[in-house]
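Down below is the structure, laid out as structure tokens.
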Amino acid sequence: MRKSLPPLSRRDFLKAAGATAGGSILLLVGCRTTRPGESPPPSTAVPAPAGTPTPLPTRPRQVEITPTESFYVQKYQGVPTVDAATWQLTIDGLVEKPLTLSYADALARPRAEMMRTLECIGNPVGGNQIGNATWAGFWLADLLAEAQVKPEAVRARFAAADDYDTSVALSYLTRPGVLLAYEMNGEPLTPAHGFPLRIFMPGLYGQKMPKWITRISFIDDDSHRGYWEKQGWSETAEVKTNSQIMAPQHIGKVPPAGVEVFGVAYAGSRRVTSVEVGVEAGRTLTWYPAQILSGPSPEAWTQFYFAWTPPESTSYTLYVRATDETGFVQTEPGRGILEGAFPDGTDRIHNIVVKVG
Numbered sequence: 001m002r003k004s005l006p007p008l009s010r011r012d013f014l015k016a017a018g019a020t021a022g023g024s025i026l027l028l029v030g031c032r033t034t035r036p037g038e039s040p041p042p043s044t045a046v047p048a049p050a051g052t053p054t055p056l057p058t059r060p061r062q063v064e065i066t067p068t069e070s071f072y073v074q075k076y077q078g079v080p081t082v083d084a085a086t087w088q089l090t091i092d093g094l095v096e097k098p099l100t101l102s103y104a105d106a107l108a109r110p111r112a113e114m115m116r117t118l119e120c121i122g123n124p125v126g127g128n129q130i131g132n133a134t135w136a137g138f139w140l141a142d143l144l145a146e147a148q149v150k151p152e153a154v155r156a157r158f159a160a161a162d163d164y165d166t167s168v169a170l171s172y173l174t175r176p177g178v179l180l181a182y183e184m185n186g187e188p189l190t191p192a193h194g195f196p197l198r199i200f201m202p203g204l205y206g207q208k209m210p211k212w213i214t215r216i217s218f219i220d221d222d223s224h225r226g227y228w229e230k231q232g233w234s235e236t237a238e239v240k241t242n243s244q245i246m247a248p249q250h251i252g253k254v255p256p257a258g259v260e261v262f263g264v265a266y267a268g269s270r271r272v273t274s275v276e277v278g279v280e281a282g283r284t285l286t287w288y289p290a291q292i293l294s295g296p297s298p299e300a301w302t303q304f305y306f307a308w309t310p311p312e313s314t315s316y317t318l319y320v321r322a323t324d325e326t327g328f329v330q331t332e333p334g335r336g337i338l339e340g341a342f343p344d345g346t347d348r349i350h351n352i353v354v355k356v357g
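The opening residue of the sequence shown carries number 1 in this note's numbering; numbering runs sequentially from there.
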């Protein structure tokens with residue numbers, strides 16, 4: 001289900017973004033009928049045309065899980081080798097009762113399971129640094145109740161087996177739904193995906209959720225910043241509302257009989273309430289409501305489906321925009337594959353070009 005785009009590491013992203021800033025490269029997501037600096041063409045919002053036939057085939061109406069082997073991998077400086085027999089998770093700092101867990105201890109705790117989407121903060125418009133999986137482990141809240149975090153703690157600092165360093169304000173760690181996961185899609189985490197343990201916090205990009213986690217220290221210094229934050233990336237790293245078309249493919253051919261436009265929208269902890277697909281022919285862009293299928297919680301992506309029968313055999317630009325429960329709607333067009341993600345993610349509109357015939 002995922003788009004066949006080349007992997008883009010954070011290091012590659014920073015290198016390419018620097019070149020873009022100097023004007024030496026521009027990686028385009030798709031052809032547009034507007035030039036840089038222009039506004040998108042006038043648009044109208046209309047209901048789906050009555051009597052429009054539903055093109056076939058259509059995708060099954062079920063929330064799709066990204067296979068582990070296809071799930072994107074981001075890493076700070078390589079995949080560490082971790083021995084489960086000697087690995088430990090330490091909870092310390094400003095707590096009444098410091099704790100140390102072995103891997104066996106982690107597996108013995110009451111089990112929790114959830115479906116959750118994970119996205120890299122550097123994921124460009126329409127990029128493949130996003131995936132949806134089922135994760136199993138245990139709730140951090142139970143562990144913190146045992147450790148008893150002191151009132152003067154304002155921040156939690158993470159350490160990992162690859163020496164990655166980041167931190168979050170205490171409120172992100174104490175909200176419901178923070179999971180320490182040891183399974184992905186029903187199997188133990190693979191080394192690339194964080195074996196033996198990784199952390200998930202609702203509403204944040206992957207930058208704030210270390211794999212191979214070894215320590216959570218509670219501190220009273222709210223000025224601490226981790227590796228990527230010191231490189232200029234967002235300190236909060238909250239997910240922005242975004243969406244992308246996954247089928248048909250960019251620069252692909254569409255049969256005259258029609259096609260089902262499919263993709264995903266994701267807004268972190270916010271519920272996606274609607275998705276619209278835009279069809280641009282000439283200088284007219286018209287938005288149509290898409291059918292949506294939500295995951296079990298806002299933390300899992302929302303899929304959208306739009307049955308489209310092109311009126312004539314020519315080239316079209318297709319757009320997608322999502323609206324979340326706060327009323328936010330995507331409005332800004334994406335003009336380059338790297339443009340817009342640094343320093344805090346992107347909510348720009350994805351578009352593709354297709355040719356009918």
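Quick reminder that beta carbons are idealized off the backbone N, C-alpha and C, glycines included.
Proximal residues to residue i (C-beta, below 6 Å), its chain only, five neighbours per side dropped
i    : result
S217 : D92, G93 and R157
S294 : T302
R348 : V125, E332, G334 and G340
W228 : Q207
V79  : P191 and A192
V63  : G295
G177 : P202
M1   : Low confidence applies here, because M1 scores a pLDDT of 39, under 50, leaving its location unreliable and the question unanswered by this model.
L68  : Note that residue 68 is Thr in the sequence shown, not Leu. Here the set comprises M184 and N185.
T317 : E280, N351 and V353
R109 : F138
L144 : none
I219 : G93, R155 and R157
P7   : Bear in mind that a pLDDT of 36 at P7, under 50, signals an unreliable position, so the number given afterwards is only what the model happens to contain. Excluding sequence neighbours, P7 sits near nothing in its chain.
Assumed close pair residue i, residue j - CB separation to whole angstroms, cut-off 8 Å
i    : j    : result
Y164 : P210 : 5 Å
G126 : Q244 : 5 Å
A265 : A322 : 4 Å
I130 : Y72  : 7 Å
W87  : D162 : So it is not a contact: roughly 13 Å between Cβ atoms.
T214 : A160 : 6 Å
S167 : G263 : Contact doesn't hold; Cβ gap of about 34 Å is too wide.
L99  : A147 : 5 Å
G345 : Y205 : 6 Å
Sequence-distant residues of its chain with Cβ nearer than 7 Å to residue i (five each side left out)
i    : result
R111 : A136 and F138
G203 : E238, V239, G268 and S269
V329 : R321 and T323
E325 : R270, R271 and T273
Close-in-space but distant-in-sequence residues of the same chain around residue i (CB under 8 Å, 5 per side omitted)
i    : result
K253 : V354, K355, V356 and G357
A181 : W135, A136, G137, L189, G194, L197, R198, I199 and F200
G232 : F342 and P343
A106 : L89, G137, F138, L180, Y182, P196 and L197
T58  : E260, Y305 and A307
R175 : M201 and P202
E235 : R225 and E229
Unbroken beta strand (DSSP E) run spanning residue i, endpoints
i    : result
E276 : V272 to A281
T174 : Here T174 belongs to no beta strand (DSSP E); instead the alpha helix (DSSP H) covers L170 to T174.
E183 : L179 to M184
S234 : No beta strand (DSSP E) contains S234, which DSSP labels as neither H nor E.
I216 : I213 to I219
R198 : R198 to F200
A247 : N242 to A247
G252 : G252 to V254
Residues bridged to residue i (per DSSP)
i    : result
Q303 : V264 and L293
A145 : For A145, which the question treats as bridged, DSSP gives no partner whatsoever.
V333 : Before going further, note that residue 333 is Pro rather than Val in the sequence given. In the DSSP output, where bridge partners are listed per residue, P333 has I349.
D324 : V272
V154 : Answer is none; V154 lacks a bridge partner.
L99  : I91
I130 : E119
K355 : K253 and S315
N166 : Here the sequence assigns Thr to residue 166, which means Asn is not the residue at that position. Paired residues: F158.
G194 : Partner(s): none; G194 has no beta bridge.
F138 : L180
V259 : W308
M114 : W135
L189 : Bridge partners of L189: none, in fact.
E238 : L204
First and last residue of the uninterrupted alpha helix (DSSP H) at residue i
i    : result
Y103 : Y103 to A108
E229 : Y227 to K230
Evaluate contact between the region 268-277 and the region 239-247, counting only Cβ atoms and requiring at least three cross-stretch pairs below 8 Å.
In the pairwise beta carbon analysis, the region 268-277 is classified as touching the region 239-247: at least three pairs are separated by under 8 Å.
Is it true that the region 140-157 meets the region 298-312, where meeting means three or more beta-carbon pairs spaced less than 8 Å apart?
no
Measuring CB atoms only, is the region 304-312 touching the region 277-289, in the sense that at least three cross pairs come out at less than 8 Å?
yes
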